[in-house]
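Counted from 1, the sequence shown has number 388 at position 368 by this note's numbering; the numbering is strictly sequential.
Ideal Cβ placement from N, Cα and C applies to all residues, glycine included.
Owing to the predicted nature of the structure, the values given are computational and were not obtained by experimental measurement.
Accompanying notes for the structure given below.
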Amino acid sequence: MTEAVNANRVVVLPGDGIGPEIIGEAVKVLQETIRIFGLKIELQEKVAGGAALDSTGEPLPADTLQACRSARAVLHGTFGGPQWEDYPLNKKPLSALLTLRKELDVYANLRRARPFPAMLEKAPLKKELLEGVDLMLIREVTSGIYFGPKESGAFGRGIKASDTMLYSDFEIERVARQAFAISRSRRGKVTCVDKANVLECSRLWRKVMRDVHRDFPEMELNFMYVDDCALQLVLNPRQFDVIIASNIFGDILSNVVSGALVGSVGVLPSATLGEGSRTSLFGPIHGPVNEIAGQNLANPLGAILSTALMLEFAFGEGKPATVIENAVEMVLEDGYRSAELMVPGARQVGTSEMGDLVVEKIRAMTAAK
Ligand code: IPM
Ligand code: MN
């Protein structure tokens with residue numbers, strides 16, 4: 021943990037499936053933004069996931085992990101494919117992402133849902149429900165059932181398998197602090213989502229949340245069971261400001277948040293943060309969608325918006341971040357859509373055209389100033 025972080029470096033991990041295509045567009049947008057704003061940021065590409073597995077035998081080669089550790093930020097694509105489906109978890113491409121979260125100790129995964137006005141008309145939920153929705157889901161990603169002891173094997177005459185949801189108080193406390201701190205610059209309401217009626221682990225979450233809340237008395241804290249939350253998110257999403265959840269509950273809820281509230285898992289970016297100036301992680305939340313890989317059909321907006329989060333959270337460059345976000349919004353307002361978001365009357369564009377359109381808007385917005 022003593023190595024110096026290169027404060028200007030971003031390591032780019034395109035990954036598998038549609039990863040290289042969408043990250044290609046994100047890099048296109050990022051590089052243009054870096055040029056226009058004269059930012060001192062350099063990109064370094066490294067291999068991870070299935071491609072790394074095939075060439076080195078490891079989903080996250082030591083050299084890639086080392087490069088990530090010494091960078092300020094990592095921009096990742098998507099990992100996995102049918103050819104690696106039956107590999108054990110530690111040899112699966114997606115373990116590159118899990119290992120990165122653990123090794124970089126980036127525990128707070130931020131997924132923000134603000135439906136795009138241009139997409140409201142055709143959103144899966146009624147427009148009246150979605151107007152004004154602005155919520156931040158904070159998901160713990162270095163512990164819980166993803167990382168607890170696992171077992172599977174013969175048991176008597178059958179087979180048994182187990183995964184353990186395990187949290188220690190300090191793991192909950194540090195992410196709880198992030199959640200309260202983030203809610204301070206928002207509407208000041210934190211909802212802890214759990215299953216405390218059944219799970220011991222959730223009862224510990226509640227205790228620690230209440231303890232940490234004492235340091236943030238001006239914030240409101242409430243609790244909700246995860247099954248109820250899944251329903252409340254589609255019945256009345258405006259009630260939420262900051263949601264905090266354990267690894268698995270946050271994983272499940274974030275697809276409700278992105279698919280049902282924003283319109284597609286393809287447009288949601290994420291930021292994964294640890295302590296202060298350490299490396300942080302950015303990337304889309306969707307999978308590798310191997311069926312459409314290489315066909316210029318994938319939606320690059322989740323990846324592109326991840327670069328905006330990166331500029332804001334890793335480099336403190338709020339203005340260029342907003343320019344990217346506004347450019348995306350304007351492209352959607354102009355009626356351009358990727359295949360999976362197509363609606364009658366919209367104009368379907370491929371992955372690279374979508375990236376070009378965002379770049380054009382950025383140029384237009386910054387030239388006008
Ligand atoms: C996500 C993804 C990952 C997760 C997978 C790829 C391991 O679904 O970021 O939501 O479950 O955390
Ligand atoms: Mn997920």
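**Item:** Whether Pro289 touches Leu325 by CB criterion (7 Å)
**Value:** yes
**Item:** 7 Å CB neighbourhood of Thr386 in its chain, flanking five on each side removed
**Value:** Ile56, Val343
**Message:** Going by C-alpha to C-alpha distance, which of His306, Thr84, Ala318 sits closest to Gly44?
**Reply:** Ala318
**Message:** Just to check my reading of the structure: Asn275 and Ile165 have Cβ atoms closer than 8 Å, yes? What is that Cβ distance to the nearest angstrom?
**Reply:** So it is not a contact: roughly 17 Å between Cβ atoms.
**Message:** Please state whether the Cβ-Cβ distance between Gly100 and Leu117 is less than 7 Å.
**Reply:** no
**Item:** C-alpha distance - Asp36 paired with Arg234, whole-angstrom precision
**Value:** 44 Å
**Asked** So which residues touch the region around ligand 2, with touch meaning a C-beta under 7 Å from any heavy atom?
**Response** Asp271, Ser274, Asn275, Ile305
**Request:** Mark Arg230 as exposed unless 16 or more other C-beta atoms lie within 10 angstroms of its C-beta, in which case mark it buried.
**Result:** exposed
**Prompt:** Is any heavy atom in ligand 1 found nearer than 6 Å to the beta carbon of Leu114?
**Reply:** yes
**Buried or exposed (CB count within 10 angstroms, at least 16 for buried), Leu109** = exposed
**Prompt:** Excluding five sequence neighbours on each side, which residues of the same chain lie with their C-beta closer than 8 Å to the C-beta of Leu85?
**Reply:** Thr119, Leu120, Glu123
**Message:** Do Ile158 and Ala264 have their beta-carbon atoms positioned less than 7 Å apart in this structure?
**Reply:** Per the sequence shown, the amino acid found at residue 264 is Ile instead of Ala. Contact flag set, yes.
**Request:** Decide if Val218 is buried, meaning its Cβ has at least 16 other Cβ atoms within 10 Å, or exposed.
**Result:** exposed
**Supposed contact pair Glu332 and Gly338 - C-beta distance, whole angstroms, cut 8 Å** = 5 Å
**Asked** Between Val31 and Ser163, what straight-line distance do the alpha-carbon atoms span, to the nearest angstrom?
**Response** 24 Å
**Message:** If you measure between the beta carbons of Ala366 and Gly375, is that distance less than 7 Å?
**Reply:** no
**Message:** Looking only at its chain, what residues have a beta carbon closer than 6 Å to the beta carbon of Gln198, apart from the 5 residues adjacent to it on each side?
**Reply:** Ala128
**Asked** Excluding five sequence neighbours on each side, which residues of the same chain lie with their C-beta closer than 7 Å to the C-beta of Gln368?
**Response** Arg357, Ala359, Met362
**Residue nearest to Ile242 in terms of C-alpha spacing, selected from Asp261, Leu251, Ala250, Pro257** = The sequence as given places Asn at residue 242; Ile does not occur at that position. Out of Asp261, Leu251, Ala250, Pro257, Asp261 has the C-alpha closest to the C-alpha of Asn242.
**Item:** Start and end residues, beta strand (DSSP E) containing Ala265
**Value:** 262-265
**Request:** To the nearest angstrom, report how far apart Glu353 and Ala216 are at their CA atoms.
**Result:** 43 Å
**chain D within 7 Å of Leu377, Cβ atoms only** = Here there is only one protein chain, and chain D is not present.
**Request:** Taking all protein chains shown into account, decide if Ala384 is buried (16 or more other Cβ within 10 angstroms of its Cβ) or exposed.
**Result:** exposed
**Message:** Distance check for Glu220 and Phe399, CA to CA, integer angstroms please.
**Reply:** The structure shown does not extend to residue 399, since the chain spans only 21 to 389, so no value can be given for it.
**Proximity of Phe402 and Leu149 at Cβ, strictly below 7 Å** = Since the first residue of the chain shown is 21 and the last is 389, residue 402 is not available in this structure.
**Item:** Glu160, buried or exposed, once every other Cβ within 10 Å from all chains shown has been counted against 16
**Value:** buried
**Prompt:** Among the residues of its own chain, which have a CB less than 7 Å from the CB of Arg207, if the five just before and after it don't count?
**Reply:** Asp261
**Prompt:** Using the rule of at least 16 other Cβ atoms within 10 Å of the residue's Cβ for burial, across every protein chain shown, is Arg131 buried or exposed?
**Reply:** buried
**Asked** Exposed or buried, Phe335, counting other C-beta atoms within 10 Å across all chains shown (16 or more means buried)?
**Response** buried
**Asked** Taking C-alpha atoms, which residue in Val153, Asp125, Asp154 lies nearest to Phe190?
**Response** Asp125
**Prompt:** Taking just the CA atoms, how far does Leu224 sit from Met185?
**Reply:** 12 Å
**Asked** Helix or strand or just coil, what does DSSP make of His306?
**Response** coil
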